[in-house]
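These protein sequences, in sequence, are chains A and B.
So for the first sequence, this note's numbering puts the first residue at 1; every next one is plus one.
So for the second sequence, this note's numbering puts the first residue at 1001; every next one is plus one.
Even for Gly, the Cβ is constructed at its ideal location relative to N, Cα and C.
Each remark here refers to the structure printed beneath this line.
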Amino acid sequence: MIAAFTLSAFPDAAPMNGLIGGILIGLAAALMLLGAGRIAGVSGIAARATGISDSGMSKSSAWMFLLGLPIGAAIVAAASGGMAPSFASPAFLIVAGLLVGVGTRLGSGCTSGHGVCGVSRLSQRSIVATLTFMAAGIATVAIMNSLGLEVLP
Amino acid sequence: MMRRLLPPLVSGSLFGAGLALGGMTDPARVRGFLDIFGDWDPTLAFVMGGAVIVMAIAWRFREHMAHPLFAEKFSLPDRSDLTARLIGGSALFGVGWGIAGLCPGPGIAALVIEPVSAAIFVVSMLAGMFVVRLVEGNA
């Protein structure tokens, strides 16, 4: 969709899309911070919306934020002529979903809350959480690859 | 009502657009980023970098604000303790993230891109969250 600069060493990378996408995410989180006075942590907001957590923004605000996620993605998908990425099979999706759900509650956040909002604030907890889940993700992919486990079709 | 509900809707939409544009709703790109020992795809470093830089500026703005634009006060996490729970939970999250190439935001955003797969992930994620609440009460 956008390819103003590329990386010769990584021909499949889309650095410009990534940078602009990241800036949009940063603006979204900035609006939540400076507008509502809250952290845009998606796992916490999802727990709040569904009543799994009782703390955080109002339930209606949480639902509005969650509703916005697919709306924004749909606009980008439509503008780029549709997206058809591959997803893992149901068994992998279920195991991964359970681990993500349990992990984000125990770890108090995910890529957005810790990785974007917390790291940018230099929160010690968020920096440690982010390094931990990045390392765990890297190890998981490496181990699955070495075992020859094909996750995506 | 609109003054209260519009900001989270706009924020969520910007967030979802950023996730889709940055490639985070594409599990292959996410797993490619985590595959540093294989065919590494650095795209997500640019996503994280762009988001963190904008938010770092926002935190500076915040220092000069007595209260948020649309709320009475800031309600922000203030803990700084490192616990086994934080690290263990983050590790579990990372394993799940690595397996399917999805985390909570992209999973929910992908409901319009690949509805069935995304819904299986999101429902499982909520089930996992619910289990934690069942086991230890609300946190």
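By the rule that beta-carbons nearer than 8 Å mark a contact, R48/A does not touch chain B. One alpha carbon belongs to V1116/B, the other to M1055/B, and they sit about 33 Å apart. Taking a Cβ-Cβ threshold of 8 Å, the residues of chain B close to F65/A are P1008, L1009, S1011, G1012 and F1015, in chain order. By the Cβ neighbour-count rule, G82/A is exposed, with fewer than 16 other Cβ atoms within 10 Å of its own. The C-beta of I20/A has 16 or more other C-beta atoms within 10 Å across all chains shown, which makes the residue buried. Here the alpha carbon of S60/A sits roughly 7 Å from the alpha carbon of L1005/B.
Contact between G113/A and G44/A holds, since their C-beta atoms are separated by about 6 Å, short of 8 Å. Within a 10 Å sphere around the beta-carbon of D1026/B sit 16 or more other beta-carbons, which makes this residue buried. Contact check for L7/A against P15/A passes: the beta carbons are separated by less than 8 Å. Here L1092/B is not near R125/A, since their CB atoms are 8 Å or more apart.
Looking at V1112/B, R1060/B, W1059/B and E1072/B, the one whose alpha-carbon comes closest to that of P85/A is V1112/B.
Between P1042/B and M64/A, the CB-CB gap reaches or exceeds 8 Å. Taken in chain order, no unbroken stretch of beta strand (DSSP E) lies wholly in the segment 29 to 60 of chain A with a span of 3 residues or more. Close partners of G148/A in chain B (Cβ separation under 8 Å) are lacking, with about 12 Å as the shortest Cβ gap. Taking C-beta atoms under 8 Å as the contact rule, S1011/B and I71/A fail to qualify, at a distance of about 11 Å. In the structure shown, S1075/B falls within a coil segment according to DSSP collapsed to helix, strand and coil. DSSP places A14/A in the coil class of the three-state scheme, outside both helix and strand.
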